[in-house]
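In our numbering, the protein residues as written are 461 to 908.
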């Protein structure tokens, strides 16, 4: 399967050993010309270590952790991918799984399911719901699965390709050849390890590196399908879930460190699930809800279901807030945020030729009959006013707000005309007497 990659020469497989990464910030201090990085929120080192210890302790006690457990201690973890990556690696070393499912029972089941996953036996045909899905699943089913030895060989080649790619990118950004410590920072590797990677990179060419990355991805596409199935019915189509999971898989290939001795599918599982859950939070709703709030809403709904079974009736927001240990105002806010929005342009009916907005009464707007009547009345009023002289018409328009809807006082109109309020009153009275004449008033009587 990997003959093309081995074309140059047989490469010895290095026995995986666990190597601790040097924190990026320590190496960055040694750089003469530091590479610009995306700004992230600083995390207190001592606090981070304490919280990490708490997480590992809790994970060992219950056998797993949820994403909510991580967000409780590291609220900004979703915005700091490096922090999240280092946390997950420590949890992997401690053999602690991370889940984002809603209940502890589901998490325990999922732990067992992942351990028992045999990608070669995944039934793809039962997953399908449409022809495009069938075609995709048949296509990925043609790719053979990798052995542990093949995974390491491909990961070595992909890492060498990433080294050269990073080297070229930094050279372009810095305008000079980057140093090994600078490349190590970008790749997240130890300075000693980067020397070995540099040496290995000479044994592979770019085409082999691209092929290695592609083979690692293609051989694990069935893993994405098996994980995506668990998230169906949450607002994204099955193909969209697979697509987002594939993005997470590519991220896992980029971040995978074969020296740590982890099976690639174990490492990739978290990245795939993280990509899918983030996509659900970003895309499944018209109004985006932050990831941490999605977790809070899921927790609220879970407790709400549990209390409904306990009391045999829907629980109140006060009862749920008490169970969650939060203020009633916070619970009401969670309920408000969790409400789904529906577009007024949503098609209705089998033919989908009508829209939802056509069935919703407008309590503020006018009915078609009222709107037509108002337009006719406006036209008749203008006809009647045209029979008055310009001064009389102007006075009535200002006094009754016929133009802009705001009625003026006699004093305000008098200031506009430069006369007394009494004179304006006389002009108004004379104009109204003219309008009451049968020749004019008959046009307006039908509207009374």
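All C-beta atoms in this analysis are idealised placements derived from N, C-alpha and C, irrespective of residue type, glycine included.
Check, Outcome
"Rounded to whole angstroms, how far is the Cβ of residue 791 from the Cβ of residue 784, which I believe are closer than 8 angstroms?", "7 angstroms"
"Quick one: is residue 802 buried, meaning 16 or more other Cβ sit within 10 Å of its Cβ, or exposed?", "exposed"
"Restricting to runs no shorter than 4 residues, where is the alpha helix (DSSP H) found entirely within the region 765–791?", "777–784"
"Going by DSSP, name the residue or residues bridged to residue 815.", "807"
"Residue 711 to residue 529, Cα distance in whole Å?", "23 angstroms"
"If you follow the alpha helix (DSSP H) that residue 727 is in, where does it begin and where does it stop?", "724–743"
"If you compare alpha carbons, which of 645, 609, 666 and 892 is closest to residue 620?", "666"
"Would residue 737 be called buried (16 or more neighbouring beta carbons within 10 Å of its own) or exposed?", "buried"
"Specify, as a first and last residue, the run of the alpha helix (DSSP H) that residue 596 falls within.", "591–600"
"With distances taken between CB atoms, is the gap from residue 715 to residue 608 smaller than 8 angstroms?", "no"
"Within 10 Å of its beta-carbon, does residue 638 have 16 or more other beta-carbons around it, so buried, or fewer, so exposed?", "buried"
"Taking contact to mean 3 or more Cβ pairs, one atom from each stretch, closer than 8 angstroms, check whether the region 641–650 and the region 683–695 are in contact.", "no"
"Using a 10 Å radius around the Cβ and a threshold of 16 neighbouring Cβ atoms, would you call residue 750 buried or exposed?", "exposed"
"So, with DSSP's three-state summary, where would you put residue 696?", "coil"
"In the structure shown, what three-state DSSP assignment does residue 861 receive?", "coil"
"Between the beta-carbon of residue 732 and the beta-carbon of residue 695, is there less than 8 angstroms?", "no"
"Does the separation of the CB atoms of residue 618 and residue 713 fall below 8 angstroms?", "yes"
"Considering only C-alpha positions, which residue in the set 697, 844, 888 and 884 is nearest to residue 902?", "844"
"According to DSSP, simplified to helix, strand and coil, what is residue 525?", "strand"
"With a Cβ-Cβ cutoff of 8 angstroms, do residue 614 and residue 683 count as a contact?", "no"
"When burial is assigned at 16 or more other CB atoms within 10 Å of the CB, is residue 775 buried or exposed?", "buried"
"Is DSSP giving residue 498 helix, strand or coil here?", "At residue 498 the pLDDT is 41, less than 50, meaning the model places this residue with poor confidence and gives no usable figure here."
"Suppose you measure from the CA of residue 508 to the CA of residue 816; what does that come to, to the nearest Å?", "50 angstroms"
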